[in-house]
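See structure below.
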Amino acid sequence: MAEYIYIAGTNAELIKLFPLMKELDGTFIHTGQHDLSSLSNHFKIKDPDIVLSDPPKSRTSKFMGNTAKALLWNIRMVKKLTGLLKERRPDAFICHGDTMSTAAASIAAKRAGIKGVHVEAGLRSFSIKEPFPEEISRRIADKNCTILFAPSKIAGKNLEGYKNKQVFVAGNTVVDSAMEALKKGRKIKIPKEEYAILSFHRHENLKSRQRMKRIVEIVEGISIPIYFFAHDNTIHYLKKYGLWRRINKKVNAVQFADYVPFIKWLSGSRLLLTDGGSIQEESLIFKKPCFLLRERTERVAGLKTGLNFLTRFDVEFTKKKIEEVLRPDWSAPDFKNPYGEPGAGRRIADLIRKNSA
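Here my numbering is used: the first residue of the sequence shown is 549, the next is one more, and so on.
Structure representation (structure tokens):
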């Protein structure tokens with residue numbers, strides 16, 4: 549009987565692995581980057597079979613911008629995972645996305661001579677600084693894994709130069725995850741009036757006082773109520789730069805929400821401002837205008853829909869575009885979701901069974 553091993557360290561990874569785990573049973577390894585207990589409870593995911601390090605108690609990643617600590621942790625993960633894979637010899641070792649856990653898993657698979665599977669392969673911003681370190685992690689994973697599942701045609705094209713790889717464009721499992729979360733959160737109460745959602749936490753933004761100041765200026769120009777789903781480290785840097793009081797006058801600051809309630813809030817919003825990754829994809833599922841607080845994005849397919857807007861921190865451009873979107877006569881453009889239809893978990897599971905034997 550075939551054996552499969554999944555690895556996840558962050559909530560984002562588990563959110564997108566969940567549809568695949570439903571279809572393809574396997575051993576679940578948790579590296580400990582985030583506390584996954586709340587998410588596991590929402591989705592009724594089994595507890596990890598193996599935990600490699602103690603997860604943090606806060607919602608912020610355990611490294612909080614400490615590069616040296618993160619690098620040391622990553623080296624230890626590679627060593628632990630390599631030994632475990634050499635002992636277990638699974639038919640496939642499945643990782644997802646662009647986290648440090650993903651990079652460590654792919655390196656360990658290569659060293660152990662195990663078939664590595666990278667779900668959500670091929671996304672590229674073509675700048676190792678934007679986003680950092682995610683762009684580096686996904687390049688490492690694509691290089692070391694042998695089966696690559698691209699979420700869109702554009703991502704698939706980015707993998708055309710990779711030799712000796714099995715590349716499949718199978719869609720994005722986030723479609724399944726988001727719809728399941730919306731179903732589970734149907735009784736959650738959200739505001740009846742129009743509102744915007746704000747969420748940002750990228751390393752390259754938090755480390756730049758100028759970028760943070762421009763984000764606050766953009767927020768100050770929005771005419772509808774704003775609900776700020778704030779990460780611990782985002783609040784930390786806003787206070788450090790003397791911007792917390794200023795933004796706090798404009799927004800309704802709320803505690804960072806778990807995935808199910810956040811999806812409910814997103815589904816009822818008028819627009820969102822974010823520097824996140826997966827949220828760009830979720831905005832397309834629910835047809836919500838999404839303003840990207842970034843210089844670059846690896847999810848280029850979303851920009852072609854006319855619903856995702858790359859701000860490049862241009863305050864005046866962003867304010868004008870938001871005003872346009874908020875006009876009563878504005879409506880979302882017609883488009884085909886570049887990340888595919890529901891069922892990616894099932895499609896990927898079938899392909900793994902077929903190609904890992």
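Backbone N, C-alpha and C fix where the C-beta goes; we use that ideal spot for every residue, glycine too.
So the alpha helix (DSSP H) residue 865 belongs to, where does it begin and stop? If you number the sequence shown from 1, residue 865 lands on position 317. Annotation: the continuous alpha helix (DSSP H) that includes residue 865 extends over 863-873.
Roughly how many whole angstroms lie between the Cα atoms of residue 902 and residue 812? Here the question's residue 902 lines up with position 354 in the sequence shown. Here the question's residue 812 lines up with position 264 in the sequence shown. Between residue 902 and residue 812, the C-alpha separation is close to 36 Å.
Terminal residues of the alpha helix (DSSP H) in which residue 747 lies: Within the sequence shown, numbered from 1, the residue matching residue 747 stands at position 199. No alpha helix (DSSP H) contains residue 747, which is instead part of the beta strand (DSSP E) from 744-747.
Short Cβ contact (7 Å threshold) for residue 817 with residue 836: Counting from 1 along the sequence shown, the entry for residue 817 is found at position 269. Counting from 1 along the sequence shown, the entry for residue 836 is found at position 288. Yes, they are a contact pair.
Go ahead and pull the three-state DSSP assignment for residue 733. Position 185 of the sequence shown, counting from 1, holds the residue named residue 733. The answer is coil: DSSP assigns residue 733 none of H, G, I, E or B.
Stretch pair the segment 583-601 + the segment 655-673: three plus CB contacts closer than 8 Å: Verdict: no, contact absent.
What is the C-beta distance between residue 649 and residue 555, in whole angstroms, given that I count them as a contact (C-beta under 8 Å)? Position 101 of the sequence shown, counted from the first residue, corresponds to residue 649. Position 7 of the sequence shown, counted from the first residue, corresponds to residue 555. Contact holds; Cβ gap of about 6 Å.
Is the number of C-beta pairs between the segment 562-574 and the segment 724-732 that are closer than 8 Å three or more? Verdict: yes, contact present.
Any idea what DSSP makes of residue 560, helix, strand or coil? Here residue 560 corresponds to residue number 12 of the sequence shown, with the count starting at 1. The answer is helix: DSSP assigns residue 560 an H, G or I state.
Indicate whether residue 857 and residue 883 have their beta-carbon atoms separated by less than 7 Å. Within the sequence shown, residue 857 is the residue found at index 309, counting from 1. Within the sequence shown, residue 883 is the residue found at index 335, counting from 1. It is not a contact, given that the beta carbons lie outside the stated cut-off.
Straight-line gap, residue 892 to residue 698 (C-alpha atoms, nearest Å): Taking the sequence shown and counting its residues from 1, one reaches residue 892 at position 344. Taking the sequence shown and counting its residues from 1, one reaches residue 698 at position 150. Distance from the CA atom of residue 892 to the CA atom of residue 698, rounded to whole angstroms, is 11 Å.
Spatial neighbours of residue 763 within its chain, please: CB distance less than 6 Å, with the 5 preceding and 5 following residues excluded, ordered by chain position. Taking the sequence shown and counting its residues from 1, one reaches residue 763 at position 215. Hits under 6 Å: 841.
Specify the secondary structure class of residue 751 as computed by DSSP and reduced to three states. Position 203 of the sequence shown, counted from the start, is the residue given in the question as residue 751. Looking at residue 751 - three-state DSSP - the assignment turns out to be helix.
Top-ranked residue by Cα proximity to residue 850, from 874, 827, 775: If you number the sequence shown from 1, residue 850 lands on position 302. When only C-alpha atoms are compared, the closest one is 827.
Kindly indicate which three-state DSSP category residue 589 falls into: helix, strand or coil? Here residue 589 refers to the residue found at position 41 of the sequence shown. In the three-state DSSP reduction, residue 589 falls in the helix class (H, G or I).
Please state the DSSP three-state secondary structure of residue 825. On the sequence shown, residue 825 is found 277 positions in, with the first residue counted as 1. Residue 825: coil per DSSP, three-state reduction.
Check whether the Cβ atoms of residue 896 and residue 718 lie closer than 7 Å to each other. The residue you call residue 896 lines up with position 348 of the sequence shown. The residue you call residue 718 lines up with position 170 of the sequence shown. The answer is yes: Cβ separation under 7 Å.
Find the nearest neighbour of residue 803 within the set 819, 779, 785, judged by alpha-carbon distance. For the purposes of this step, residue 803 is taken as the residue at position 255 of the sequence shown. Of the listed residues, the one whose Cα sits closest to residue 803 is 779.
Return the CA-CA distance between residue 724 and residue 888, expressed in angstroms with no decimal places. What you label residue 724 is simply residue 176 of the sequence shown in a count that begins at 1. What you label residue 888 is simply residue 340 of the sequence shown in a count that begins at 1. Between the alpha carbons of residue 724 and residue 888 lies a distance of about 10 Å.
Limits of the unbroken beta strand (DSSP E) element including residue 778: The sequence position of residue 778 within the sequence shown is 230, counting from 1. Note, residue 778: beta strand (DSSP E), 774-778.
Quick check: what's the CA-CA separation for residue 676 versus residue 843? One-based indexing of the sequence shown puts residue 676 at position 128. One-based indexing of the sequence shown puts residue 843 at position 295. Going by the C-alpha atoms only, they are around 12 Å apart.
Would the segment 694-712 and the segment 733-748 be scored as touching if the rule is three or more Cβ pairs under 8 Å? As far as the Cβ criterion goes, the segment 694-712 does not touch the segment 733-748, which means the pair count is below three.
Give the single residue among 642, 682, 757 whose Cα lies nearest to the Cα of residue 694. As a working mapping, residue 694 is identified with position 146 in the sequence shown. Looking at the Cα atoms, 642 is the closest of the given residues.
May I ask which residues mark the beginning and end of the alpha helix (DSSP H) holding residue 600? In the sequence shown, counting from the first residue as 1, residue 600 sits at position 52. From DSSP, residue 600 is part of no alpha helix (DSSP H); its letter is neither H nor E.
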